[in-house]
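J.:
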Amino acid sequence: MTIIKSTLGLIGALIIIVAGCESLKSSKPILPMKEYEKMLIGRLDADYIGTRNCLSACHYHDKIRRDFEASTMGAQLSKKSGMPIVDCESCHGPGSLAVKGITPERVKRDASEGKQTACNYRTLINIKNLPPQAKSLICLNCHTANATFSLHNWNASEHAINDVTCIDCHNVHAGPDLIVRPRDTFRMCIKCHKDVEAQYSLPSHHPIHEKRVFCTDCHDPMGSTNENMLRGDSVKATCTRCHAEKEGPFIYEHAENTEDCTTCHNAHGSINNNLLKVQLPFLCLQCHPGHVISSSSSVDDKRLSYTRCTDCHSQIHGTDIPGADGTGTFTQ
Ligand code: HEC
Ligand code: HEC
Ligand code: HEC
Ligand code: HEC
Ligand code: HEC
Ligand code: HEC
Ligand code: HEC
Ligand code: HEC
Ligand code: HEC
-4 MTIIKSTLGL
6 IGALIIIVAG
16 CESLKSSKPI
26 LPMKEYEKML
36 IGRLDADYIG
46 TRNCLSACHY
56 HDKIRRDFEA
66 STMGAQLSKK
76 SGMPIVDCES
86 CHGPGSLAVK
96 GITPERVKRD
106 ASEGKQTACN
116 YRTLINIKNL
126 PPQAKSLICL
136 NCHTANATFS
146 LHNWNASEHA
156 INDVTCIDCH
166 NVHAGPDLIV
176 RPRDTFRMCI
186 KCHKDVEAQY
196 SLPSHHPIHE
206 KRVFCTDCHD
216 PMGSTNENML
226 RGDSVKATCT
236 RCHAEKEGPF
246 IYEHAENTED
256 CTTCHNAHGS
266 INNNLLKVQL
276 PFLCLQCHPG
286 HVISSSSSVD
296 DKRLSYTRCT
306 DCHSQIHGTD
316 IPGADGTGTF
326 TQ
């Protein structure tokens, strides 16, 4: 009877939580922090029992445990007690109710009947159905901005604001290695950014597939104070980390254009050579009239001047050398 009652109670609680999530999703109010903290307490009638007690009877989670213990997170031991600083219950909540009644004998008996003994995992925190803020709070409880410096701008990041959570990017049970390497990021990011993936299939693109440039070279996905979560203070500062020769200052600058490389270039990919937004000469003709070279009346020059402007204006990003007439025409 009590089992039925508590099961009903639990189902009721689950419905409330799930319904709560629905309304959170649609209206996105930010609750006071303590409301999210409450969601992470777990069942008040359960106790913490430690990973060993959680997992000693049945062995279904041995691989998860081995991987986890070998990971940087699982390997942290308290200097004082020698006990793990992070264990299963740090994230899943107190486990006593989940393993209540599970004994090696019962596991054996179930196995002989061809059954797997499932722990009562419904008594643990229902991570999957938590609102996004609470999901991330599981991690932020330890990974404060002081402990993990790269999370300094997390709360104001486009990702946090748009309900992306830590566990959308980090799968803590993927294996023993929790460190994100640059080469892992493309796969991580295009899970959601399909449009960006498509841009990288265009003929001119930064060598992401070639593993020479990575999403995280330019973006800080856990938040930055800059637009588009860029690593640099501006687009130019982001680009010139690698293309230093375009940084200037030059005696002859191309007006304020070169301050924003994206006036002429796409950052990810383009159908045009050199990542250009618009093909030559049309790129230049957006702002300049074409011209005929005054010193020559040949038809050839006329044609030329309307084709590849950069054949002559080869230093289009800026130069210290004046053109033939002593002004900055970016020809040398
Ligand atoms: C740092 C936080 C954290 C720790 C520590 C942790 N887990 Fe998890 N675990 C998660 C998250 C997050 C999920 C995914 C929840 C979801 O989306 O359903 C998960 C999912 C699971 C699942 C179900 C999905 C799967 O991969 O099979 C099991 C089982 C599990 N954890 C067992 C464990 C065990 C056993 C330990 C201790 C060795 C442990 N976890 C430690 C965060 C954690
Ligand atoms: C109980 C505290 C605690 C919780 C909760 C916790 N972590 Fe950790 N985590 C640590 C500690 C301690 C380390 C190892 C030291 C470090 O790198 O900061 C670590 C390391 C990591 C690393 C590896 C960093 C590296 O350089 O090797 C990642 C990634 C990580 N945690 C992600 C998460 C995510 C995602 C969550 C939430 C699902 C989470 N952590 C929850 C304490 C915690
Ligand atoms: C959009 C994907 C994404 C989200 C969301 C995200 N991370 Fe990360 N995280 C990364 C990437 C990529 C790296 C590797 C860092 C790098 O290359 O600069 C990383 C690195 C880390 C590291 C280890 C390296 C370090 O900088 O110390 C920790 C710890 C970490 N993240 C924790 C978290 C926590 C906690 C959250 C949620 C508050 C979170 N991450 C949200 C993608 C993400
Ligand atoms: C060479 C630097 C660079 C690399 C590498 C890069 N980005 Fe970007 N990204 C930018 C710049 C610059 C902008 C701003 C574009 C603008 O203002 O036109 C941007 C904009 C974005 C945007 C927002 C606008 C949009 O197009 O939706 C997303 C999302 C994005 N990048 C995701 C990614 C992902 C995912 C990767 C890896 C597959 C990646 N970026 C690799 C520089 C880069
Ligand atoms: C779980 C889905 C998800 C993953 C994974 C993800 N993003 Fe995002 N990202 C979003 C959403 C949602 C937004 C906000 C809406 C939008 O601009 O599309 C966003 C926005 C962005 C923006 C634009 C920020 C701005 O200021 O407008 C950039 C840049 C970006 N993400 C880069 C990355 C990078 C780099 C990675 C991989 C490390 C990544 N994202 C992984 C969902 C995701
Ligand atoms: C992490 C380093 C890095 C950053 C940051 C970076 N680039 Fe590049 N860029 C490269 C590499 C590597 C190549 C390929 C060069 C090669 O193949 O010789 C390249 C190539 C290019 C090309 C020529 C593409 C082609 O089709 O030949 C252009 C244009 C370009 N980058 C513009 C930019 C702009 C604009 C930014 C800023 C939004 C930027 N880059 C940021 C590394 C970077
Ligand atoms: C006024 C338009 C314009 C602006 C602004 C601009 N570029 Fe370019 N960029 C071009 C053109 C045109 C080419 C192709 C040159 C050619 O045809 O030889 C080019 C080529 C490149 C190349 C590849 C060839 C080379 O010279 O290495 C890189 C890298 C590059 N630009 C980086 C940048 C960066 C970084 C910025 C911002 C600081 C920037 N560009 C701003 C027009 C522009
Ligand atoms: C977004 C508009 C824009 C684009 C695109 C653009 N320019 Fe310019 N350009 C300017 C402005 C503004 C000036 C400064 C005009 C001035 O000082 O009179 C300038 C100056 C110049 C000058 C020097 C003019 C002088 O009198 O000193 C040359 C040469 C030039 N651009 C060539 C090009 C070429 C070639 C392209 C294409 C690769 C191009 N521009 C693309 C806006 C643009
Ligand atoms: C055959 C070489 C050549 C080609 C091709 C060429 N230019 Fe020029 N351009 C010059 C020279 C040389 C000057 C210096 C002015 C002069 O001496 O007539 C110049 C001057 C300019 C100026 C300075 C303003 C002025 O008229 O005094 C602009 C702007 C300009 N070119 C834009 C372009 C654009 C846009 C294209 C492509 C549609 C282009 N040029 C193609 C050689 C060329």
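If you read the sequence shown in our numbering, its first letter stands for residue -4, the second for the next number, and so on.
Built from N, CA and C at the ideal position, the CB exists for glycine as well.
Using 6 Å as the cut-off, classify the Cβ of C213 as near or not near the heavy atoms of ligand 7, replying yes or no.
T.: The count along the sequence shown starts at 1 and reaches residue 213 at position 218. No.
J.: For E153, which of D212, T220 and I120 has the nearest alpha-carbon?
T.: For the purposes of this step, residue 153 is identified with residue 158 of the sequence shown, where counting begins at 1. Of the residues D212, T220 and I120, the one whose Cα lies closest to the Cα of E153 is T220.
J.: Would you list the residues sitting across from H214 in a DSSP beta bridge?
T.: In the sequence shown, residue 214 corresponds to position 219, counting from 1. Answer is L225, bridged to H214.
J.: In whole angstroms, what separates the C-alpha of C370 from that of Q128?
T.: Lying outside -4 to 327, the shown extent of the chain, residue 370 is not represented and no answer is given.
J.: Within 6 Å: the Cβ of D57 and any heavy atom of ligand 5?
T.: Counted from its first residue, the sequence shown places residue 57 at position 62. Every heavy atom of ligand 5 is 6 Å or more from the Cβ of D57, so no.
J.: Quick one: any contact between the segment 35 to 52 and the segment 68 to 88, if contact means 3 or more CB pairs under 8 Å?
T.: yes
J.: Check whether the segment 137 to 152 and the segment 218 to 236 are in contact - that is, three or more C-beta pairs closer than 8 Å.
T.: A contact is defined here as three or more CB-CB pairs under 8 Å, and the segment 137 to 152 meets this definition with respect to the segment 218 to 236.
J.: Beta-carbon separation of C234 and C256 under 7 Å?
T.: Working through the sequence shown from its first residue, we reach residue 234 at position 239. Working through the sequence shown from its first residue, we reach residue 256 at position 261. Taking 7 Å as the Cβ cut-off, C234 and C256 qualify as a contacting pair.
J.: Using a Cβ distance threshold of 8 Å, determine whether the segment 98 to 116 contacts the segment 60 to 75, with at least three qualifying pairs required.
T.: no
J.: With a threshold of 6 Å (Cβ to nearest heavy atom), would H312 be considered close to ligand 4?
T.: Working through the sequence shown from its first residue, we reach residue 312 at position 317. No, the Cβ of H312 stays beyond 6 Å of every heavy atom of ligand 4.
J.: For T314, which residues does DSSP report across the bridge?
T.: In the sequence shown, counting from the first residue as 1, residue 314 sits at position 319. In DSSP, T314 forms a bridge with Y247.
J.: Considering only their Cβ atoms, is the gap separating V94 from C49 smaller than 7 Å?
T.: Numbered from 1 along the sequence shown, position 54 holds the residue referred to as residue 49. Numbered from 1 along the sequence shown, position 99 holds the residue referred to as residue 94. The answer is yes: Cβ separation under 7 Å.
J.: If you scan the segment 52 to 131 from start to end, which runs of the alpha helix (DSSP H) of 4 or more residues do you find wholly inside it?
T.: 57 to 65, 83 to 87, 91 to 94 and 99 to 107
J.: Can you grab the Cα-Cα spacing for the pair I80 / R101, in whole Å?
T.: Your numbering for residue 80 matches position 85 in the sequence shown. Your numbering for residue 101 matches position 106 in the sequence shown. About 31 Å.
J.: Would you identify the three-state DSSP class for S219, choosing helix, strand or coil?
T.: Here the question's residue 219 lines up with position 224 in the sequence shown. Reduced to three states, the DSSP call for S219 is coil.
J.: Does DSSP put L197 in a helix, a strand or coil?
T.: Counted from its first residue, the sequence shown places residue 197 at position 202. Three-state DSSP puts L197 in coil, outside helix and strand.
J.: What is the DSSP secondary structure of V294, counted as helix, strand or coil?
T.: Taking the sequence shown and counting its residues from 1, the one referred to as residue 294 is at position 299. Confidence at V294 is low in this model, with a pLDDT of 45, below 50, so the placement of that residue should be treated as unreliable; the coordinate-derived value is given next. Here V294 sits in helix by DSSP.
J.: With a 10 Å radius around its C-beta and 16 neighbouring C-beta atoms as the bar for buried, classify Y116 as buried or exposed.
T.: Start at 1 with the first residue of the sequence shown, and residue 116 comes out as number 121. Y116 should be labelled exposed.
J.: Take Y180 as the anchor and find which of I203, H168, G170 and N268 has the nearest alpha-carbon.
T.: Numbered from 1 along the sequence shown, position 185 holds the residue referred to as residue 180. It is Thr, not Tyr, that sits at residue 180 in the sequence shown. Put simply, of I203, H168, G170 and N268 the residue whose alpha carbon is nearest the alpha carbon of T180 is I203.
J.: Can you look up G45 in the DSSP assignment and give me helix, strand or coil?
T.: On the sequence shown, position 50 is the one that residue 45 refers to. In this structure, G45 counts as helix in the three-state DSSP scheme.
J.: Using alpha carbons as the reference points, say which of G264, H312 and P198 lies closest to C279.
T.: To locate residue 279, count along the sequence shown from 1; it is residue 284. It is H312 whose Cα lies nearest to the Cα of C279.
J.: Would you say the beta carbon of R207 is closer than 6 Å to some non-hydrogen atom of ligand 6?
T.: Stepping through the sequence shown from its first residue, residue 207 is reached at position 212. It does: the Cβ of R207 is within 6 Å (strictly closer) of some heavy atom of ligand 6.
J.: For F277, verify whether its CB is less than 6 Å away from any heavy atom of ligand 8.
T.: Within the sequence shown, numbered from 1, the residue matching residue 277 stands at position 282. Flag unset: Cβ of F277 not near ligand 8.
J.: Run through DSSP, which three-state label would S265 get?
T.: Reading the sequence shown from its first residue, position 270 is the one you call residue 265. The answer is strand: DSSP assigns S265 an E or B state.
J.: Measure the Cβ-Cβ separation of C304 and P276 and say whether it is below 7 Å.
T.: The count along the sequence shown starts at 1 and reaches residue 304 at position 309. The count along the sequence shown starts at 1 and reaches residue 276 at position 281. Contact: yes.
J.: Specify the secondary structure class of L50 as computed by DSSP and reduced to three states.
T.: Within the sequence shown, residue 50 is the residue found at index 55, counting from 1. In the structure shown, L50 sits in a helix (DSSP, three-state: H, G or I).
J.: Distance, Cα to Cα, L26 vs P126?
T.: Locating residue 26 in the sequence shown gives position 31, where the first residue counts as 1. Locating residue 126 in the sequence shown gives position 131, where the first residue counts as 1. Going from the Cα of L26 to the Cα of P126 covers about 10 Å.
J.: Got a sec? Which residues, its chain only, sit under 8 Å from F209 by beta carbon, not counting five neighbours each side?
T.: Taking the first residue of the sequence shown as 1, we reach residue 209 at position 214. Only P177, R178, T180, F181 and I203 meet the Cβ criterion.
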